[in-house]
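Number 197 in full-length UniProt numbering belongs to position 197 of the sequence shown; there are no gaps in the numbering.
In this text, a Cβ means the ideal position worked out from N, Cα and C, and glycines have one as well.
Quick caveat: nothing in here was measured; it's all calculated off a predicted structure.
So the structure is just underneath, and the comments pick up after that.
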Amino acid sequence: MALHSAAAKLPVVDLFDENCKPGTASWVSKCNDVRVALEEYGCFLTPYHQVPSQLQDQVFNSLQQLFDLPLETKLQNTSHKPYFGYFKHPSIPLSESMGIDDPTSLDGTQSFTHLMWPNGNQKFCQNVHSYAKLVSQLDRMVKKMVFESYGVEKYYESHIDSTSYLLRLIKYRVPHEGETIDNCGFPHTDKSFLTILHDNQVAGLQTKTKDGNWICVQPSGSMFIVMAGDAFLAWSNGRVHSATHRVVKEENKERYCLALFSFSGETIEAPAELIDEAHPL
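What follows is the structure in structure tokens.
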């Protein structure tokens, strides 16, 4: 039986310590901290001030504007890839989400913006594109640290060259009067290599530990959640943990979340260096 733990907390790893420079002992130690956090919890929190608070506010304001659009407009966000477009399911009526494929390119963000606002919405486009580019830098840094910690940094550049991104924009509405709904989504793992989550400081995200406890992730404006996906687990030959997570209704407020997913364009194969007796194929 899965227990709920309000006391347990995710590890916090500060990646931008001024003493943490590649090649230093501090860097090696920090790389190990990141690897261990992903092996034990499948995720960790990190302060990421490279996304200014003003930009965060602007992006979440843009999300409110987006989800206020008519349903017929939002339904134009389609994709041949599962869960890349508009998604809403009757079994989880509090949530709806949309996807921007290739958000780190201006073309990708402009294409989505034009679908939603045929006459243009430059502010939305600029805010979301800037956000995605900055968070993708965090994605690359985390991967570099893990690859180095495993001693397989020679594979890093080709992995990054093949990486693509999806930015999912998610809204969890307040229940209507008379609705008694606590569950905002199915417990799941991500299919991505890595996912970076950020919300509008409204609680609700929970992650499941290896021993079956649920950890409530406390929101913070400066903290970003770095979460390993199933592809990272496969690439690491079972070393990295892909954490099950869910969203529940904890506050009577609208919750907005940005999830940047990274995917590898390469066939997922464990490096030979990560195959041994303890971790056979």
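Leaving aside the five residues before and after PHE60 along the sequence, list all residues of the same chain whose C-beta is less than 6 Å from its C-beta, in chain order.
ASN200, TYR256
Okay, do the segment 149-156 and the segment 241-251 touch, 3+ Cβ pairs below 8 Å being the bar?
no
Ordered along the chain, which non-local residues of its own chain (more than five positions away) have a Cβ less than 6 Å from that of THR113?
ASN121, PHE124, CYS125
Where does CYS43 sit, in a helix, a strand or coil, going by DSSP?
strand
Secondary structure at VAL36, three-state DSSP: helix, strand or coil?
helix
Between the beta-carbon of SER192 and the beta-carbon of GLY238, is there less than 8 Å?
no
With the cut-off set at 8 Å, would you say ARG173 and PHE261 are in Cβ contact?
no
Beta-carbon proximity list for LYS171, same chain, < 6 Å, skipping 5 on both sides
PHE67, GLU96, TYR256.
Would you please state the rounded distance, in angstroms, between the beta carbons of THR104 and TYR165? I believe it to be under 8 Å.
5 Å
Every unbroken alpha helix (DSSP H) inside the segment 192-241 [4 residues or more]:
230-235
Is the segment 69-82 touching the segment 137-147, taking contact as three or more C-beta pairs under 8 Å?
no
What does PHE261 pair with, by DSSP beta-bridge criteria?
LEU166, THR195
Taking the Cβ atom as the reference point for each residue, do ILE225 and VAL135 lie within a distance shorter than 8 Å?
The answer is no: Cβ separation not under 8 Å.
Measure the Cβ-Cβ separation of LEU258 and HIS188 and say whether it is below 8 Å.
no
By how many angstroms is the C-alpha of SER242 removed from the C-alpha of LEU233?
One C-alpha to the other measures close to 6 Å.
Can you tell me the Cα-Cα spacing of GLN218 and LEU205, whole angstroms?
8 Å
Where ILE275 sits in the DSSP three-state scheme
Here ILE275 sits in coil by DSSP.
Determine whether the beta carbon atoms of GLN54 and GLN137 lie at a separation below 8 Å.
The Cβ-Cβ distance between GLN54 and GLN137 does not fall below 8 Å.
Going by alpha carbons, who is nearest to CYS43 out of GLU277, ILE275, LYS208, GLY265?
LYS208
Which one of LYS21, LEU10, LEU75, THR46 has the shortest CA to CA distance from TRP117?
LEU75
Identified DSSP bridge partners for HIS188
HIS245
Looking at the structure shown, is ARG140 part of a helix, part of a strand, or coil, going by DSSP?
helix
Name the residue from HIS89, MET98, THR46 whose alpha carbon lies nearest to the alpha carbon of GLY221.
THR46
Indicate the three-state DSSP secondary structure (helix, strand or coil) for GLU254 in the structure shown.
coil
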